[in-house]
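Quick note: my numbering has the sequence shown finishing at residue 2181, numbered continuously throughout.
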Amino acid sequence: MIRGLGYIKDIEDMKNIPLGVSRGDKFYPLYASSNSAQTGSGGSMGNSMAGGMQEMAVGTQGSSLAPFSQKDFSSGTPILLKDVADVNIVAAPRRGVADLNGEGDVVGGIVEMRYGQNALSVIEGVKKKLEELKQGLPPDVKIVPVYDRSDLIHRAIRTLEDKLIEESIIVALVCLVFLFHFRSGLVAIFTLPTAILMAFIVMRLQGLNANIMSLGGIAVAIGAMVDSAIIMIENAHKHIESDDGRTDRWKLITESSKEVGPSLFYSLLVITVSFIPVFALSEQSGRLFKPLAFTKTYSMAAAALLGITAVPILMGYFIRGKIPREEKNPLNRFLIKVYSPVLNFVLKFKWYVIGAVILILGVTVYPYLKLGSEFMPPLWEGTLLYMPSTYPGISVTQARRTLEQTDKIIRQFPEVETVFGKAGRASTALDPAGLDMVETTITLKPESEWSKGMTHGKLKAALDKALRVPGLSNVWTMPIKNRVDMTSTGIKSQIGIKISGPDISTLQKIGEQTEALLKKLPETSSAYAERIGNGNYIDFRINREEAARYGLSIEDVQEIIKGAIGGMPIGQIVSGIERYPITIRYALEMRDNPEYLKRVLVSTPTGAQIPLGEVADMQIHQGPMFVRTEGAVPTIYVYVDANTSDIGGYVDKAKKYLAERLKVPPGYFISWSGQFEFMKQAEKTLMYIIPATLVLVLLIIYLNTKSMTKTIIVMLAVPFSLVGAIWLLYILGYNMSVAVWVGLIALAGLDAETGVVMLLYLDIAYEKMKKGGKMFNFEHLREAIHEGAVRRVRPKMMTASAILAGLIPIMWSAGTGADVMKRIAAPMVGGVITSVLLELAVYPVIYYLWRGREIKHLSQNTGGK
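Rendered as structure tokens:
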């Protein structure tokens, strides 16, 4: 950000001219002497002449502004430019200041990346160019980087890379422990790196960069990616165990794959379809989570493709030799020993179990109602941005003094590496900030160098307490988050209130009342209403009658005011490749004195010079510093920071509080913006898309089962999983957010998959006994359920353990991006646990009640029991 740079040739009109020279007489020679002339008009041949075989342009060159520039008068006495003005090179008026570490003025620069470019590549290129520039700098000039986004990117990627490796190792160990057969475990493990590699290939082709969200999609999918391989391998083991070597191994593997393959394909299709709501998100939430949805979908699609193509072939080659029976594995023996009596118990007390489940579902309403709400959990960037607001109309001198003061205070903290502050605007159209807007980038040291016990929250609280400076209203955020928020809503704080109406003074009054009321809420950290009507103005009211009496037009008087005070551009100076404007104006000490302005001389057509005060009245008053409109209606902002993460709860409370105490005149409107606006947009989208997606999932499951009863049984897994998801969110103190909703959406797909597999095993056992002619009484039904549930507890626990093994490393992570990933993983972890437990206990009961009607009908026809 370039602050206060840009040079002009400035003529300081410091002298009253008693020589009968009007200001027009002074302006014209300067204009004429500094401009080039061309003969003819542009596009015609009159500005050139032929010289033999060549054509030559004809023109004159303007001279430089030298002290001897002059004009001849009728008396023959030349008046030199130095007689009426001083010629100086001065800086352009400053509209911004910058400071580093509270040590005084610096020049800052900002690099803006083009849309769609890779941030790391651009940053590396900039660093190389800066190294080249350093070689040509004077010895006492240094380039000091004060913000580098690549550090955040590297930390985030490193966090996710570490978690991916941990998850892969743990999932591989789960497969080996449960299968108790090394080569079979290799087949399941093969799915992980291959599917991840396939996902990376698609990411490359799509142009999707590796970042927190894109890698996070793979991280949350790792456990589920091996599900299809686990189930196919385990089913092949069952077929081989029951065959005793009489049938060709390839034939057994083919039969076992066909038995579970279609259901697995549909279950993985359900997982993919369940992510449609994430793709439907728009605005900021869509940009954040669509990369995660893409990579998770790619990973699961690759795993599904491998499950029906490569895995059966690999099983044929790798599952060789003697396959250990399930009972020989100590872990499997333990699971069967524990689950068998539990199953007998729930089948004995079926209706009590159903009642208990309904009670558990009902009790879960309590923690759900206690959950707060927020748009996004805080993504710790490792850098703070301090953005206090002060009153408009602050001078450059005071802005610099305030900036240095706050920067010195911040720099005293041992956790701080550098402090770069700026007030006002940069020399770019992309930064239209006033001097009342301060932005201070605080680069922190590595957390290993922080004071003992210091955390992000404690550090921000300590800084906020130290920076209670009169006239400043503190707002704390982070650089990337602020950039996204400002470009999306224009609100720099967590919460924003937009007040719209026809009259600016009334708007400011409502804003100040809103600020005062919100500050009374204990959850309010800071509140500040824009004072757009507090700008200071000097207005000259031209007396038309007096001006006419002296032969002056309104334009004549306005030219004097504009030229004397604001500066009148009259030309350009060209110096090599550089161009500088030339302006004429009064000296600073004259321009800064309101009383002196009344005595500025105005030349009349008769040659007389009269004070400006004779033809114009000067008034000092307050008025709007700027006017912002939204929907063609004037609007002001109230910036609010809350000291609670429950943004939705705070806004609900604040709305009610304001409604009871704030009187809004007719024609004026209040709307809430900032993170709250994004949160409501996401909730509105999900409210419509999630039910539609559930209907689509229902249809897919029905196409697989061909039975509405089976479809409903499978879908019961969804409320079962919500029990654990809600309770774990409540225990961890997490709020409902878009990240949590993404986790719940992913959980719904996993639940449907485990429900399909559970029902599949029960159906296989049922149909097997039915073909054996045994399904004529309730004992046969219990035997079939025991076979489908207890004897198949290993694959169900394997899939659940693999999913948990892939998610738990995320829950104990602490690096950059971990806060967001934890919110996604938490509902999945809690949901998988309760879903598996309730499915093992409740699915057999529901299946027994459903199939019992058929058995009862058969028993009545055969007289069986």
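Glycine included, each C-beta is placed from N, C-alpha and C at the ideal position.
For this session: Since I believe V1785 is in contact with Q1721 (beta carbons under 8 Å), could you give me their beta-carbon distance rounded to a whole number of angstroms?
Result: So it is a contact: roughly 7 Å between Cβ atoms.
Exercise. How big is the Cα-Cα spacing for G2133 and P1897?
Worked result: 49 Å
For this session: Leaving out five residues on either side along the sequence, give the residues of the same chain with a beta carbon under 6 Å from the beta carbon of G2065.
Result: V1586, I1587 and S1590
Problem set entry | Straight-line Cα distance separating K1574 from I2029 | Their backbone Cα atoms lie some 23 Å apart in a straight line.
Exercise. Can you list the alpha helix (DSSP H) stretches of 4 or more residues lying completely in the stretch 1503-1566, in chain order?
Worked result: 1528-1541 and 1543-1559
Problem set entry | Helix, strand or coil at I1758 [DSSP, three-state] | strand
For this session: Can you check the stretch 1931-2011 for any beta strand (DSSP E) of at least 3 residues that lies completely inside it and give the ranges in chain order?
Result: 1932-1939, 1949-1958 and 1985-1990
For this session: Would you list the one or two residues that DSSP bridges to F1736?
Result: L1416 and T1757
Problem set entry | Backbone CA spacing between R1520 and L1416 [nearest angstrom] | 40 Å
For this session: Just the C-alpha distance for L2010 and G2040, rounded to the nearest angstrom, thanks.
Result: 20 Å
For this session: Sort I1877, A1863, R1977 and Q1888 by Cα distance to P1921 and report the nearest one.
Result: Looking at I1877, A1863, R1977 and Q1888, the one whose alpha-carbon comes closest to that of P1921 is A1863.
Problem set entry | Beta carbon of G1412 nearer than 8 Å to that of A1742 | yes
Problem set entry | Per DSSP, the bridge partner or partners of G2210 | The requested residue 2210 does not occur in the structure, where the chain is confined to residues 1317 to 2181.
Exercise. Looking at the structure shown, is E1894 part of a helix, part of a strand, or coil, going by DSSP?
Worked result: strand
Exercise. Whose C-beta lies closer than 8 Å to the C-beta of T1830 among residues of the same chain, with five residues either side of it excluded?
Worked result: I1813, I1815, A1843, A1845, V1954, L1974, L1978 and I1986
Exercise. Which residue comes first and which comes last in the beta strand (DSSP E) that contains T1840?
Worked result: Unbroken beta strand (DSSP E) run through T1840: T1840 to A1845.
For this session: Use the C-beta contact count for H1470: other C-beta atoms within 10 angstroms, 16 or more gives buried, fewer gives exposed.
Result: exposed
Problem set entry | Through-space distance from D1855 to E1871, alpha-carbon basis | Cα to Cα, the separation comes out at about 15 Å.
For this session: Could you give the DSSP three-state label for W2128: helix, strand or coil?
Result: coil
Problem set entry | G1851, enclosing beta strand (DSSP E) - first and last residue | G1851 to I1858
Exercise. When you compare only the Cα positions, how much space is there between Y1344 and T1899?
Worked result: Unreliable positioning characterises Y1344 in this predicted model, as indicated by a pLDDT of 48, which lies under 50. The coordinate reading is nonetheless provided below. Roughly 12 Å separates the two Cα atoms.
Problem set entry | Burial state of Y1853 (16 or more Cβ within 10 Å) | exposed
Exercise. Quick one: what does DSSP say G2104 is sitting in, helix, strand or coil?
Worked result: helix
For this session: Give the secondary structure of G1812 by DSSP, where H, G and I count as helix, E and B as strand, and everything else as coil.
Result: If DSSP states are grouped into helix, strand and coil, G1812 belongs with the strands.
Exercise. Are there 16 or more other CB atoms within 10 angstroms of the CB of G1358, so buried, or fewer, so exposed?
Worked result: With a pLDDT of 41 at G1358, under the threshold of 50, the predicted position of this residue should be treated as unreliable, though the coordinate-derived value follows. Looking at its Cβ environment, which holds fewer than 16 other Cβ atoms inside 10 Å, G1358 is exposed.
Problem set entry | Limits of the unbroken beta strand (DSSP E) element including A1924 | Premise fails: A1924 is in no beta strand (DSSP E) and is neither H nor E.
Exercise. Can you tell which of V1654, F1498, V1967 and E1765 has its C-alpha closest to the C-alpha of G1688?
Worked result: V1967
For this session: Tell whether a beta-carbon distance below 8 Å holds between V1503 and L1630.
Result: yes
For this session: Answer yes or no: do A1515 and Y1614 have a C-beta to C-beta separation smaller than 8 Å?
Result: yes
Exercise. Does the pairing of the stretch 1747-1764 with the stretch 1428-1441 give three or more beta-carbon distances under 8 Å?
Worked result: no
For this session: Would you decide whether Q1354 is buried or exposed? Buried here means 16 or more other CB atoms lie within 10 Å of its CB.
Result: Model confidence at Q1354 stands at a pLDDT of 48, short of 50, so the residue's coordinates are unreliable and nothing is read from them.
For this session: Taking only the alpha-carbon atoms, compute the straight-line gap between S1360 and A1739 and give it to the nearest angstrom.
Result: Note that S1360 scores 41 on pLDDT, short of 50, meaning its location in the model is unreliable; the coordinates nonetheless yield the value given after this. C-alpha separation (whole angstroms): 50 Å.
For this session: Count the other CB atoms, across all protein chains shown, that sit within 10 Å of the CB of M1616; report buried if there are 16 or more and exposed otherwise.
Result: Counting the other CB atoms within 10 Å of its CB gives M1616 a total of 16 or more, which places it among the buried residues.
For this session: For S1689, name the three-state secondary structure that DSSP assigns.
Result: strand
Exercise. Among residues of its own chain, excluding the 5 on either side of G1827, which ones have a beta-carbon nearer than 6 Å to its beta-carbon?
Worked result: I1815, A1845, I1952 and V1954
Exercise. Is Q1594 helix, strand or coil when you go by DSSP?
Worked result: According to the sequence shown, residue 1594 is Val rather than Gln. It is helical.
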